[in-house]
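Colleague: As you go down the protein sequences, you meet chains A and B in turn.
Read left to right, the first sequence gives residues 24 to 111 (our numbering).
Read left to right, the second sequence gives residues 16 to 353 (our numbering).
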Amino acid sequence: MTNATPMFLGIPLASSDTADSLEMTMLETISLAVIDALPSERLAEFEEVLAEGDEEKISAFIEAHVPQARDVIGPIIEDIHDSVLTFA
Amino acid sequence: MATVEMAGAWIREPEPGEPEYVLKQKLAESPFTEIEGVFSPVRIDQVLSARKAYFTAYYQYWKTRDPQAEKLATWMRNQYNVARDTLASDLAAYSERRNIDPEHQAILIDNFARRERERLNEIKASLLGSERQEAWKRTKEALRKLVPGKLRALAFAFVAVGTAAAVDYATNPDREPEPTEDTARPNVGQSSAGQQQWDNEGLSTEENLRSRDNVHTLTPELVQEGEGAIHAFKRLLPRMGQANLQSLFSQLEIPLPATLDEQADVLARQLNLLNDEGESALLPYVNPQEQSSFVITIVTVDGKQKVEIVLNTPTGNPQVLLDTQNGPQPYEGPFDTK
Numbered sequence: 024m025t026n027a028t029p030m031f032l033g034i035p036l037a038s039s040d041t042a043d044s045l046e047m048t049m050l051e052t053i054s055l056a057v058i059d060a061l062p063s064e065r066l067a068e069f070e071e072v073l074a075e076g077d078e079e080k081i082s083a084f085i086e087a088h089v090p091q092a093r094d095v096i097g098p099i100i101e102d103i104h105d106s107v108l109t110f111a
Numbered sequence: 016m017a018t019v020e021m022a023g024a025w026i027r028e029p030e031p032g033e034p035e036y037v038l039k040q041k042l043a044e045s046p047f048t049e050i051e052g053v054f055s056p057v058r059i060d061q062v063l064s065a066r067k068a069y070f071t072a073y074y075q076y077w078k079t080r081d082p083q084a085e086k087l088a089t090w091m092r093n094q095y096n097v098a099r100d101t102l103a104s105d106l107a108a109y110s111e112r113r114n115i116d117p118e119h120q121a122i123l124i125d126n127f128a129r130r131e132r133e134r135l136n137e138i139k140a141s142l143l144g145s146e147r148q149e150a151w152k153r154t155k156e157a158l159r160k161l162v163p164g165k166l167r168a169l170a171f172a173f174v175a176v177g178t179a180a181a182v183d184y185a186t187n188p189d190r191e192p193e194p195t196e197d198t199a200r201p202n203v204g205q206s207s208a209g210q211q212q213w214d215n216e217g218l219s220t221e222e223n224l225r226s227r228d229n230v231h232t233l234t235p236e237l238v239q240e241g242e243g244a245i246h247a248f249k250r251l252l253p254r255m256g257q258a259n260l261q262s263l264f265s266q267l268e269i270p271l272p273a274t275l276d277e278q279a280d281v282l283a284r285q286l287n288l289l290n291d292e293g294e295s296a297l298l299p300y301v302n303p304q305e306q307s308s309f310v311i312t313i314v315t316v317d318g319k320q321k322v323e324i325v326l327n328t329p330t331g332n333p334q335v336l337l338d339t340q341n342g343p344q345p346y347e348g349p350f351d352t353k
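Here's what the structure looks like:
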């Protein structure tokens with residue numbers, strides 16, 4: 024298929040620019056929440072891991088060092104997902 | 016304590032001169048001026064103002080765990096929901112009246128959602144301490160320098176952590192999750208890609224709005240790379256809740272299997288997602304470099320339930336695997352195999 028439907032969290036969107044933009048917004052929002060929740064001594068390490076962009080390392084770091092990591096990130100993803108669908 | 020005083024002021028009926036009075040006035044107004052075709056920036060700002068007030072109140076509660084602050088946050092959340100739902104309702108009615116092009120409307124919606132998130136991030140960043148604000152600035156800068164492939168990996172990493180939480184919530188129904196920046200809502204939304212498909216199949220916007228309270232949609236479950244349908248269903252089904260699970264199998268005219276393993280296996284088999292050996296085959300139309308997602312939607316229209324299971328793939332249009340509107344038979348293709 025040549026015209027791939029742009030997707031964000033499983034939601035078809037009107038344009039790939041929008042999907043990219045929402046993805047960045049989600050990353051920023053979650054990063055912000057993680058920074059808020061991390062112990063101070065881990066902040067610099069988080070920046071380094073994030074800059075590397077290694078999926079597994081990031082997951083492992085968050086699980087290990089963010090208290091209640093799932094409770095911090097899960098609702099944000101749901102919130103963004105529902106925001107996109109609010110008017111659908 | 017300032018928070019308590021503030022909470023007290025917000026909980027009682029606001030009076031002229033107080034910020035919440037202005038907010039209340041704004042929420043009560045409904046000036047649907049026709050700027051930008053459909054969306055009025057005034058209306059959007061009203062919703063964002065309500066959202067900002069709610070978020071600020073919630074943040075106060077989060078920091079203090081003060082019961083009064085919690086009451087305030089709950090009140091503000093309701094105000095925000097009212098403002099948002101009113102705007103959504105007006106938009107739907109307006110679009111139907113003016114026959115707005117759905118694609119144009121989708122772009123407007125996307126823009127709104129993005130603006131909302133960006134504004135929220137600004138608010139939250141302003142509430143962080145100086146040390147974390149600096150870390151945030153550097154992180155934001157780093158994110159914007161990452162190449163798309165790395166960004167996608169980050170998104171997967173975050174979603175992987177976040178979706179695990181969703182299963183936790185569903186499998187511990189007695190557990191009270193911490194209030195979130197939104198509504199600490201369960202893993203059931205009010206609309207979905209599946210709903211959009213039904214829109215395309217003839218339900219008018221008005222009919223959809225009427226039935227909105229009866230629509231239950233699971234947050235899309237991402238299919239992990241190299242994973243078959245059974246594994247995806249094993250993560251997805253526990254989030255449906257027992258009643259909806261019962262309804263799904265009832266629609267399929269199959270007794271509800273006792274275990275999660277059996278439920279996932281039976282559903283995959285029913286949807287023709289097993290290979291010739293009866294094993295959970297890799298979905299043939301999933302690009303392993305991208306991710307797909309299943310969406311299960313249960314809707315009640317005129318007292319009758321129907322179930323739809325949609326597979327969204329990044330390489331094609333959503334595939335309707337099951338639509339019980341016309342009986343329990345699953346959709347048999349053709350599937351997009353590219």
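Just so it is clear, CB atoms sit at the ideal spot from N, CA and C, and this is done for glycine as well.
This structure is a prediction, so every number in the text was calculated from the model and none was measured.
1. Counting only runs of 4+ residues fully inside the segment 33–64 of chain A, write out the alpha helix (DSSP H) ranges in chain order.
2. Could you tell me how far apart the beta carbons of E8 (chain A) and V174 (chain B) are, in whole angstroms, since I believe they sit closer than 8 angstroms?
3. Using a Cβ-Cβ cutoff of less than 7 angstroms, which residues in the same chain neighbour M24 (chain A) once the five nearest sequence positions on both sides are dropped?
4. Can you look up D102 (chain A) in the DSSP assignment and give me helix, strand or coil?
5. Against chain B, with Cβ distances strictly below 8 angstroms, would A92 (chain A) count as a contact?
6. Apart from the five residues on each side of it in sequence, which residues of its chain come closer than 6 angstroms, Cβ to Cβ, to I96 (chain A)?
7. Give the C-beta separation of A172 (chain B) and E78 (chain A) to the nearest angstrom, bearing in mind that I take them to be a contact with Cβ-Cβ under 8 angstroms.
8. What does DSSP give as the partner residues of D280 (chain B) in its beta bridges?
9. State yes or no: is the beta carbon of R92 (chain B) nearer than 8 angstroms to at least one beta carbon in chain A?
10. Name the chain B residues that come within less than 8 angstroms of E70 (chain A), Cβ to Cβ?
11. Where do the N-terminal and C-terminal ends of the alpha helix (DSSP H) with Q113 (chain A) fall, by residue?
12. Using a Cβ-Cβ cut-off of 8 angstroms, state whether R147 (chain B) counts as contacting chain A.
13. Measuring CB to CB, does T154 (chain B) end up less than 8 angstroms from E75 (chain A)?
14. What is the DSSP secondary structure of V325 (chain B), reduced to helix, strand or coil?
15. Per DSSP, which residues does D338 (chain B) bridge with? Please list them.
16. Buried or exposed: where does R225 (chain B) fall if 16 or more other Cβ atoms within 10 Å of its Cβ makes it buried?
17. I need the straight-line Cα distance from R159 (chain B) to P62 (chain A), nearest angstrom please.
Modeller: Once the coordinates are examined:
1. 39–60
2. Lying before the first or after the last residue shown, residue 8 (chain A) is absent from chain A, which here runs from 24 to 111.
3. A caution first: M24 (chain A) carries a pLDDT of 36, below 50, which makes its placement in the model too unreliable to give a value.
4. helix
5. yes
6. I53
7. 4 angstroms
8. The partner list for D280 (chain B) (beta bridge, DSSP) is empty, contrary to what the question assumes.
9. no
10. A150, R153, T154 and A157
11. No statement about residue 113 (chain A) is possible, as the shown extent of chain A runs from 24 to 111 and does not include it.
12. yes
13. no
14. strand
15. B:E323
16. Interpretation of R225 (chain B) is limited by its pLDDT of 25, a score under 50 that renders its predicted location unreliable; no figure is taken from the coordinates.
17. 24 angstroms
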